[in-house]
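Engineer:
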Amino acid sequence: MTAAARRTPEGDHRPADVVCLGESMVAFRPAAERAPLAGAATFARGIGGAESNVACALAAAGHRTRWVGRVGADGFGDHLVAAIAAYGVDVSAVQRDPDRPTGVYFRTAGERSAGLPDPPGASGPPHSEVLYYRAGSAASAMSPEVIPRATAWSGHVLHLTGITAALSAGCLALLRALTERRPGRPLVSFDVNYRVALWRNAPEGPAVLASLARRSDLVFVGEDEAEAAWGLHGAAAIRSALPEPRVLVVKQGAAGATAYVRAAAGGPGTDAVLTAGGGPGTGDARTAAARTPRTDAAPLADAVVSAPAPSVDVVVSAPAPSVDVVAPVGAGDAFAAGFLHGTLRGLTPGQCLRHGHLMAAAALTAPGDLAAPPRRDHADRLAALGPEAWGRLRLGPGWTEPTPAAPASAKERTP
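Letter 238 of the sequence shown, counting from 1, is numbered 240 in the numbering used here, and no numbers are missing.
#1: Provide the residue span of the beta strand (DSSP E) that contains M27, from first to last.
#2: Between which two residues does the beta strand (DSSP E) carrying A46 extend?
#3: Which class does A291 belong to by DSSP, given the choice of helix, strand or coil?
#4: Can you have a look at N55 and say buried or exposed, based on whether 16 or more other CB atoms are within 10 angstroms of its CB?
#5: CB A362 to CB G340, shorter than 8 Å?
#6: Under 8 Å, do T181 and L133 count as touching if we go by C-beta distance?
#7: E403 by DSSP, collapsed to three states: which one?
#8: Please state whether the Cβ-Cβ distance between P146 and A179 is less than 8 Å.
#9: Please list, in chain order, all residues of the same chain as R183 whose beta carbon is under 8 Å from its beta carbon, the five residues on each side excluded.
#10: Taking a contact to mean a Cβ-Cβ separation below 8 Å, would you say L211 touches R248 in this structure?
#11: Measuring only the C-alpha atoms, how far is A62 from P376?
#12: Alpha helix (DSSP H) containing W155: first to last residue?
#13: Can you give the beta carbon distance from L39 to G71, rounded, assuming they're within the 8 Å contact cut?
#14: Per DSSP, what kind of secondary structure is G271 in: helix, strand or coil?
#15: Taking K253 as the reference, which of P399, E225, R102 has the closest Cα?
#16: What residue range is occupied by the uninterrupted beta strand (DSSP E) comprising W69?
#17: So R31 packs on A46, CB below 8 Å; how close in whole Å?
#18: Under the rule that 16 or more other beta-carbon atoms within 10 Å means buried, what is E25, buried or exposed?
#19: Shortest alpha-carbon distance to L176 belongs to which of A143, A333, S319?
#20: First and last residue of the alpha helix (DSSP H) that includes A362?
#21: Can you tell me the Cα-Cα spacing of D298 and V263, whole angstroms?
#22: Any idea if G400 is buried or exposed, counting beta-carbon neighbours within 10 angstroms, 16 or more meaning buried?
#23: In whole angstroms, what separates the C-alpha of P245 from that of G41?
#24: Short of 6 Å in beta carbon distance, which residues of its chain neighbour A168, apart from the five on each side in sequence? Order them along the chain.
#25: Name the one or two DSSP bridge partners that R109 has.
#26: What would DSSP say about T166, mapped onto helix, strand or coil?
#27: Excluding the 5 residues flanking D315 on each side, which residues of the same chain have their C-beta closer than 8 Å to its C-beta?
#28: Please go through the same chain and pick out, in chain order, the residues whose beta-carbon is closer than 7 Å to the beta-carbon of A95, but skip the five residues on each side of it.
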């Protein structure tokens, strides 16, 4: 992704649209395409971290974002902070630890979301080949005593992932403190991000992730990771196991995604869903002044964080467009950023899902963890396509920047 032209000035403490808290690391991947780690002689350096990926993507899409984390007082830490700031992310709350290093990791181009084993008979280099060197990192020392609640709650939305919970007991305590329901808590977005390797020596990991999901307002989870972590099969089973979040988004890979949106049962099709506009320090649930008919044309941001009872689910699905995949890395983070992008703009659940797919497609058609999101007008045009035109869409490298000589419509497949 090209560095954003604007920068959020360090020390700017205005409320962010989204605060993203978690570990970021320096990432190395083989310079040769699809080379396994054992055969790679040279590596390309990048940055990686689920939460900072979301912050960078949202900043590039025009939102005010802040990354909260810790890095070492070393060269890798210098690189991370500078690289993330270059996207327009506020890094003024990042802490530097003189006694602990910045984490690094090595990966191939095919890392999968849950880090699951390859299926029997799979050919080519391993899809999930990734090696972390993060034990004892500066980020693993995060805790409620180290990260002030006011810093983490300094935005309208706080975005967290299950990766942070696996780093240390202090990190888990921090996530539990930040997801506690008390006055001033912003809307909490939580991406389960189950990583088998991180929880290998902690059998309680799946239960920990389920508990954190239940404490959150907006939850993202992939069908594959829900099956790996909890033995759940299908979106409906996942929703039955996680009824608490106001919005649950189940990612279904190439098939698309399904959103379960909690709706008030006060009348046919009425609802209030989420608001990201209240900001910290309001101390209330921002009850909607009036109920509006609940259809997919109602903005996702037209509602409240705490659902009135009784309530029911509105279920909205959106198929994913066909994508010519360059590297399946970072797509989950990009999808979350796209969905949050739609939520912050007050779009409908269906439009939020489509924007999630479009940002994921941008990541899938670029080699690194971060990719330039599509221009807003371009993404809006594609997200507004009818079902048939959306179904014909095929996105390949370079699709995010249509040119007069190759307009976006040329990327759409004909029946």
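In this text, a Cβ means the ideal position worked out from N, Cα and C, and glycines have one as well.
Just so it is clear, the structure is predicted and the values come from calculations on it, not from any experiment.
Structural biologist: Short version:
#1: Per DSSP, the continuous beta strand (DSSP E) segment holding M27 begins and ends at 27–32.
#2: Unbroken beta strand (DSSP E) run through A46: 45–50.
#3: Because A291 sits at a pLDDT of 25, beneath the cut-off of 50, its placement in the model cannot be relied upon, and the following sentence gives the value as read from the coordinates. Three-state result, A291: coil.
#4: So N55 counts as buried.
#5: Yes, the Cβ-Cβ distance between A362 and G340 is below 8 Å.
#6: The answer is no: Cβ separation not under 8 Å.
#7: If DSSP states are grouped into helix, strand and coil, E403 belongs with coil.
#8: Yes, these two residues count as a Cβ contact at 8 Å.
#9: Hits under 8 Å: R217.
#10: Pairing L211 with R248 gives a Cβ-Cβ distance that is not under 8 Å.
#11: Distance between the alpha carbons of A62 and P376: 10 Å.
#12: No alpha helix (DSSP H) holds W155; DSSP gives it neither H nor E.
#13: About 26 Å separates the two Cβ atoms, so there is no contact after all.
#14: Here G271 scores only 40 on pLDDT, less than 50, and its place in the model is too uncertain to base an answer on.
#15: Per the Cα distances, E225.
#16: For W69, the uninterrupted beta strand (DSSP E) segment begins and ends at 67–70.
#17: Confirmed, about 6 Å.
#18: By the neighbour-count criterion, in which 16 or more other beta carbons inside 10 Å mark a residue as buried, E25 falls on the buried side.
#19: Cα-wise, what sits closest to L176 is A143.
#20: Counting along the chain, A362 sits inside the alpha helix (DSSP H) bounded by residues 351–366.
#21: Low confidence applies to D298: its pLDDT is 43, below 50, so where it sits in the model is not reliable, and the reading given next is rough at best. It is roughly 10 Å from the alpha-carbon of D298 to the alpha-carbon of V263.
#22: Around the beta carbon of G400, a 10 Å sphere encloses fewer than 16 other beta carbons of the protein chains shown; the residue is thus reported as exposed.
#23: Looking at the two C-alpha atoms, the distance is approximately 46 Å.
#24: Counting only Cβ-Cβ distances below 6 Å, and skipping sequence neighbours, we find L200, W201.
#25: For R109, the beta-bridge partners assigned by DSSP are V132.
#26: Correct three-state label for T166: helix.
#27: Cβ within range, chain order: R241, Y262, V263, R264, A265.
#28: So the qualifying residues of the chain are R68, V70, T153.
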